[in-house]
Every structure is written in C-alpha cells, then in structure tokens.
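The sequence shown begins at 3 in our numbering and counts up one residue at a time.
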Amino acid sequence: MAGSGRDGSFNQRLADCAATLASAQGAEVTSIRLEDFDLPIYSHRLETTAFPESARRLKALFVEQDAILIASPEYNGSVSGLLKNAIDWASRPTDGEGPLALSAFRGKVAGILSASPGPYGGLRGLMHLRQILGTVQMLVVPEQAAVPFADRAFDGAALTDPVAAQVLPLLVQRVIKTAGSLK
Ligand SMILES: Cc1cc2nc3c(=O)[nH]c(=O)nc-3n(C[C@H](O)[C@H](O)[C@H](O)COP(=O)(O)O)c2cc1C
C-alpha cells in the first residue's frame, strides 16, 4: 500500500513495483488503496461509540497478512496523515481483544519505501515510519528504498532510478524470506 491517495502518486507507483516483484517472487499479494477506505480521523469517542466499519475492514485485512509493504510519502519530515491515521485505527483492539493485542501488526514483517521529488527521497519520513511500525510490534527489515527526484525516477510504471531499482528486489526478497521463516 501507499501512504498517498494522490492521482499520479509516485509512492503508489513504487508500491505497485514492489507488489509486482513480490508476486514474481511467489508471494500472494493484496494491494490496497487507503483512500478507498475513507477512514474518519481517529477519535476515542468514535472508537467507543461507533467503531467505523471501514476501520474494522482495514484491520481485518492486515490481520490476514504475514507482511506489509508500505511506500510512504514524506510530509513535513514525517509520514502522511492518511498513513498514520490508518495505522492508528488498525492498532486499536476489537472484538474483546486486550489493549496490547495489536493483532494487525504484532510479529509481522514490514518493508518500507518512499519516493519524493526532493533530493532525499523521503528518508526522514522513513525514519519515523520505522519507529511507528516498531511501536506496533512489527519487524521492519533493514533494507529500505528512498527514491529521490521521483518525478524522473520512473518510466511509466517502471522504476528506473538505478540504486532503488537494485535495492527494491532485495528488500522484497528479504520481506518474503523473513515472513516465511517466522510462519
Ligand atoms: C503537506 C505536504 C508536506 C510535504 N513535505 C515534504 C517533505 O517534508 N519532504 C519531501 O521530500 N517532500 C515533501 N512534500 C512533497 C511530497 O514529497 C510530494 O508531494 C510527493 O509527490 C508526495 O508523494 P506522492 O507522489 O506519492 O503523492 C510534501 C507535500 C505535502 C502535500
């Protein structure tokens, strides 16, 4: 998934490249678009009075996965509100779970990516994302790809940035191998 719902999103393109590689490496891939879930902003009042069906659906999808690949735009040095809000909702207990269940994330593997038209490729946002995913008890693989000058890093759907194009298959491979070992 990508942390951007923008038409023409570079991070969506990056997420699509990662999904294609993961399929080619034998993984069963579910691609989602966070904007399709139309999640309200997290609020404790909503959580306790009318837990949104959309948040329940998103969380249930995560629960089914062994690993998650996330391409995250950098917004003001951090992750986008769209992505953080999705993680926040999915981190909440449902169906009688205890507060620390974190069933959407605990013990699952994450691979993180970013793309930005800027020179650092969204690297600062990735540092935050790594920390957030660690907090919800995911194992984030050490490889990561931050694609700089993203407006020039793709040829249509294909990733042409030479460094990222080398790192991405290795990252995807590490995610699949790690998730397989943990199963
Ligand atoms: C609110 C906002 C804050 C942004 N802050 C940063 C930033 O800190 N660093 C950066 O490299 N780009 C920043 N950008 C530019 C994004 O990297 C750019 O819009 C990028 O295309 C977003 O990813 P997307 O193409 O997947 O939507 C920001 C964009 C927005 C809308």
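The beta carbon of each residue, even a glycine, is placed where N, CA and C say it ideally should be. As the structure is a prediction and not an experimental result, all values here were calculated from the model.
So, is the C-beta of residue i closer than 8 Å to a C-beta in chain D?
i: Ala92; result: In the structure shown, chain D does not exist; there is a single protein chain.
Less than 8 Å between the C-beta atoms of residue i and residue j, yes or no?
i: Glu99; j: Ser93; result: no
i: Val111; j: Val177; result: yes
i: Gly5; j: Ala73; result: yes
i: Leu131; j: Ala20; result: no
i: Gly7; j: Leu84; result: yes
i: Arg47; j: Gly79; result: no
i: Phe12; j: Ala152; result: yes
Drop a sphere of 10 angstroms on the beta-carbon of residue i, count the other beta-carbons inside from all chains shown, and report buried for 16 or more, exposed for fewer.
i: Val165; result: exposed
i: Glu66; result: exposed
i: Pro101; result: exposed
i: Gln133; result: exposed
i: Asp163; result: buried
i: Pro121; result: exposed
i: Glu55; result: exposed
i: Glu76; result: buried
i: Thr50; result: exposed
i: Gly109; result: exposed
i: Ala88; result: buried
i: Ala155; result: buried
i: Ala160; result: exposed
i: Gly190; result: No information on residue 190 is available, as it lies outside the stretch 3 to 185 that the chain covers here.
i: Ala52; result: exposed
i: Ala24; result: buried
Assuming residue i contacts residue j under a Cβ cut-off of 8 Å, what Cβ separation, rounded to an integer in Å, is found between them?
i: Ile34; j: Leu63; result: 6 Å
i: Glu145; j: Leu173; result: 4 Å
i: Ala103; j: Leu128; result: Not quite, the Cβ-Cβ distance comes to about 26 Å (not below 8 Å), so this is no contact.
i: Ala69; j: Trp91; result: Going by Cβ atoms, the distance from Ala69 to Trp91 rounds to 20 Å, so no, they are not a contact pair.
i: Thr96; j: Lys61; result: 6 Å
Under the criterion of a Cβ to heavy atom distance below 7 Å, does residue i qualify as lining ligand 2?
i: Asn13; result: Among the ligands present in this structure, namely ligand 1, ligand 2 is not found.
(message) Three Cβ pairs or more, each shorter than 8 Å: is that satisfied between the segment 111-125 and the segment 9-19?
(response) Contact between the segment 111-125 and the segment 9-19 is present, because at least three Cβ pairs lie under 8 Å.
(request) Kindly confirm or deny that the segment 41-49 and the segment 130-142 touch, where touching means at least three C-beta pairs closer than 8 Å. (result) Cβ pair count under 8 Å is below three, so no.
(request) Starting from the N-terminal side, write out each stretch of the alpha helix (DSSP H) that is 4 residues or longer and does not extend beyond the segment 10-59. (result) Runs found: 12-26, 36-39 and 46-51.
(message) Quick check for students: name the residue ranges of the beta strand (DSSP E) that lie wholly in the segment 57-119, counting only runs of 3 or more.
(response) Runs found: 69-73 and 111-117.
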